[in-house]
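In our numbering, the protein residues as written are 5 to 222.
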Amino acid sequence: MANIILLGPPGAGKGTQARLLVEQRGMVQLSTGDMLRDAKASGSAMGRRVAEVMDRGQLVTDEIVIGLIEEKLSAGAGAGFIFDGFPRTLAQADALARLLERIGQRLSAVIEMRVDDAALLARITGRFTCGNCGEVYHDVTRPTAVPGKCDVCGATDLRRRADDTEESLKQRLMEYYKKTSPLIGYYYATGDLFSVDGLGAVEAVAAEISGVLDGEGD
Ligand code: AP5
């Protein structure tokens, strides 16, 4: 079993690669972004509290996201957890270590996905997803085969995220460099860090990640 973190700036391809790992290896994707968007859509008190923060491109409090992860960890790991967009602060990284220890698990690898800012802007502003199954598309690099219809489930509910604007991306990148990128040093120090070139084609990035997993997974 392998438990991995996908670490990278907004648009690095974390969600795209996580979905492939779920499909190909039966791993369990834990995306705090997806959990928060579900809470937002449900109209719950917590969802209302986080909606504005997310749309502005700022980080939600550690307390909320750690609580969300804690709840999901107890549901079972399948062939291992993929932490997608979590942890994003040093406090979250420490909390994750404690939570994994509590359930008798450990981290296998932290995979940093490197992509430059210019590519991120093009990726984020062209992204859309299927509101039914969550498949991720792009206007230029991965359009649907039939315009307006999801290739995977056939739904026509294709959506763009409220925070996928140039302005919000600037804020999201600032948050990433200030609060999340220090985790690269943290996981380098723990000996868990691996770096992949996130600029390659989806399949090339997937092959690099598989190489890490096959070398490190247990
Ligand atoms: P979250 O949903 O986690 O967003 P993010 O980290 O900004 O990452 P994205 O989902 O935007 O990008 P991605 O790396 O998954 O890229 P994707 O695969 O979609 O978080 C959203 C918000 O929630 C945060 O801003 C914050 O407010 C809050 N939040 C979440 N977690 C939190 C936490 N732990 N603590 C506090 N707050 C938290 O790809 C992007 C596009 O590029 C797609 O169109 C895709 O088709 C395309 N693409 C992907 N790979 C390639 C490739 N190799 N080549 C060409 N195109 C590609």
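In this text, a Cβ means the ideal position worked out from N, Cα and C, and glycines have one as well.
Quiz item: Do the segment 180 to 197 and the segment 105 to 118 meet, that is, are 3 or more Cβ pairs less than 8 Å apart?
Solution: yes
Quiz item: With DSSP run on the structure shown, which of helix, strand or coil describes Arg23?
Solution: Numbered from its first residue, the sequence shown carries residue 23 at position 19. Note: Arg23 maps to helix in three-state DSSP.
Self-check item: Limits of the beta strand (DSSP E) - the one that Tyr141 falls within
Solution: The residue labelled residue 141 in the question sits at position 137 within the sequence shown. First-last of the beta strand (DSSP E) with Tyr141: 140 to 142.
Practice problem: Check whether the Cβ atoms of Ile73 and Leu34 sit closer than 8 Å, and answer yes or no. | Solution: Residue 73 sits at position 69 when you count from the first residue of the sequence shown. Residue 34 sits at position 30 when you count from the first residue of the sequence shown. Cβ atoms of Ile73 and Leu34: closer than 8 Å.
Quiz prompt | Any non-hydrogen atom of the ligand AP5 within 7 Å of Asp201 CB | solution = Position 197 of the sequence shown, counted from the first residue, corresponds to residue 201. Outside the cutoff, so no.
Quiz item: Assuming Val119 and Gly202 make a contact with CB atoms under 8 Å, what is their CB distance in whole Å?
Solution: Here residue 119 corresponds to residue number 115 of the sequence shown, with the count starting at 1. Here residue 202 corresponds to residue number 198 of the sequence shown, with the count starting at 1. Val119 to Gly202, Cβ: 4 Å. Contact.
Exercise. May I ask you to report which of helix, strand or coil DSSP gives Asp88?
Key: Taking the sequence shown and counting its residues from 1, the one referred to as residue 88 is at position 84. Here Asp88 sits in strand by DSSP.
Quiz item: Rounded to a whole number of angstroms, what is the C-alpha to C-alpha distance between Asp227 and Pro186?
Solution: Residue 227 lies beyond the stretch modelled for the chain, which goes from 5 to 222, so this question has no answer here.
Quiz item: Considering only residues of the segment 72 to 158, which uninterrupted beta strand (DSSP E) runs meet the minimum length of 3 residues and lie entirely inside it, listed in chain order?
Solution: 85 to 88, 113 to 118, 131 to 134, 140 to 142
Quiz item: Where does Ala208 land, buried or exposed, given buried means 16+ other C-beta within 10 angstroms?
Solution: For the purposes of this step, residue 208 is taken as residue 204 along the sequence shown, with counting starting at 1. Exposed, since its Cβ has fewer than 16 Cβ neighbours within 10 Å.
Quiz item: Considering only the beta carbon of each residue, do Leu63 and Lys183 sit closer than 8 Å?
Solution: Counting from one through the sequence shown, the residue named residue 63 turns up at place 59. Counting from one through the sequence shown, the residue named residue 183 turns up at place 179. Yes; because the gap between Cβ atoms is below 8 Å, this pair is in contact.
Quiz item: My guess is that Leu4 and Asp88 are in contact by the Cβ rule of under 8 Å, so how many angstroms apart are they, rounded?
Solution: The displayed coordinates of the chain run from 5 to 222. Any statement about residue 4 would go beyond what the structure contains.
Quiz item: So does Tyr141 have its beta carbon nearer than 7 Å to some heavy atom of the ligand AP5?
Solution: Position 137 of the sequence shown, counted from the start, is the residue given in the question as residue 141. Yes, the Cβ of Tyr141 comes within 7 Å of a heavy atom of the ligand AP5.
Quiz item: When we look at the beta-carbon of Met178 and count the other beta-carbons within 10 Å, is it buried (16 or more) or exposed?
Solution: Here the question's residue 178 lines up with position 174 in the sequence shown. Its Cβ having fewer than 16 others within 10 Å, Met178 is exposed.
Self-check item: Environment of Pro14 [buried if 16+ CB atoms lie within 10 Å]
Solution: Along the sequence shown, read from residue 1 onward, the residue named residue 14 stands at position 10. Pro14 is buried by the Cβ-count criterion.
Quiz item: In whole angstroms, what is the alpha-carbon distance linking Glu56 and Arg165?
Solution: Within the sequence shown, numbered from 1, the residue matching residue 56 stands at position 52. Within the sequence shown, numbered from 1, the residue matching residue 165 stands at position 161. If you take the alpha carbons of Glu56 and Arg165, they lie about 13 Å apart.
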